[in-house]
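According to this note's numbering, the stretch in the sequence shown is residues 3 to 179, in order. Backbone N, C-alpha and C fix where the C-beta goes; we use that ideal spot for every residue, glycine too. In what follows, a structure is listed as structure tokens, so that the remarks can point back to it.
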Amino acid sequence: HVGLNDIVRRLNEMNIPTPSHYKRSTGELTNERLIGSGKWQTRTVAKILSSEVYTGDLVQGRTKVVDHRQVPADGENLITVHGTHEPIISHEIFDTVQAYRQEIRTQSRSKEKQSYTPNLFKGKVFCAHCGKNLHRQRPKRKNGPDVYVFYCLTNSRIARKYCAGVMIKETALMETV
3 HVGLNDIVRR LNEMNIPTPS HYKRSTGELT NERLIGSGKW QTRTVAKILS SEVYTGDLVQ
63 GRTKVVDHRQ VPADGENLIT VHGTHEPIIS HEIFDTVQAY RQEIRTQSRS KEKQSYTPNL
123 FKGKVFCAHC GKNLHRQRPK RKNGPDVYVF YCLTNSRIAR KYCAGVMIKE TALMETV
């Protein structure tokens, strides 16, 4: 089983165009504001993995308009038409992927969560090499107080060795500021 980060990194390393860049290359998408960075992201892969359209089915009614705004609709509004186009994957593979993703969600939700302290630097610290936001993480520790670390996600999300990378403890960052 491969996680979303690994899938994203592999797609970026293989220079597979993102959906928006592919649509731009075919002329289907022309608005530059809708193009994106050209790098795959975990939310894009997650959306693709959960889309039944790749099984050859067409599903409509996921959203509805309320007070002139598009909002998610409940499952009762779904209209599914099977076999509207040639499938890319089988229903069995799709169902297996959905079951696995649900199992991971259930495991994640069942783990005891420790609350985080407020992130004073959210959206304010960036990698000196690639310019991306630094991610705040609290590594699991057996003893002692929590230690927060800021680091660059680029090598795990875009491509290995894409960025020299940055890592700094929050305490060191506080002292510097």
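In the DSSP assignment, Leu60 is bridged to Val83.
Contiguous beta strand (DSSP E) elements confined to the region 113–140 occur at 136–139, taking only those with 3 or more residues. With fewer than 16 other Cβ atoms inside 10 Å of its own Cβ, Ile81 counts as exposed. Contact between Phe128 and Arg138 does not hold, since the beta-carbon distance rounds to 13 Å and is not under 8 Å. It is roughly 29 Å from the alpha-carbon of Gly38 to the alpha-carbon of Gln104. Only residues of its own chain outside the window of five on either side were considered, and among them Gly58 have a CB closer than 6 Å to the CB of His87, listed in chain order. The beta carbon of Tyr56 sits closer than 6 Å to those of Ile90, Ile91, all from its chain and outside the five residues before and after it, given in chain order.
Two segments are said to touch when three or more pairs of C-beta atoms, one from each, lie closer than 8 Å; by this definition the region 27–34 does not touch the region 61–75. With fewer than 16 other Cβ atoms from the protein chains shown falling within 10 Å of its own Cβ, Val73 counts as exposed. Within a 10 Å sphere around the beta-carbon of Leu136 sit 16 or more other beta-carbons, which makes this residue buried.
In the three-state scheme derived from DSSP, where H, G and I count as helix and E and B as strand, Arg71 is classed as strand. Per the C-alpha coordinates, the member of Val149, Lys163, Thr20 positioned closest to Leu155 is Lys163. Distances from the CA of His84 to each of Glu54, Ala161, Val99 were compared; the closest alpha carbon is that of Glu54. A direct Cα-Cα distance of roughly 12 Å separates Lys41 from Lys134. Here the C-alpha atom of Leu122 lies approximately 43 Å from the C-alpha atom of Thr28. Cβ neighbours of Leu175 within its own chain (closer than 8 Å, five residues either side excluded): Phe123, Val127, Phe152.
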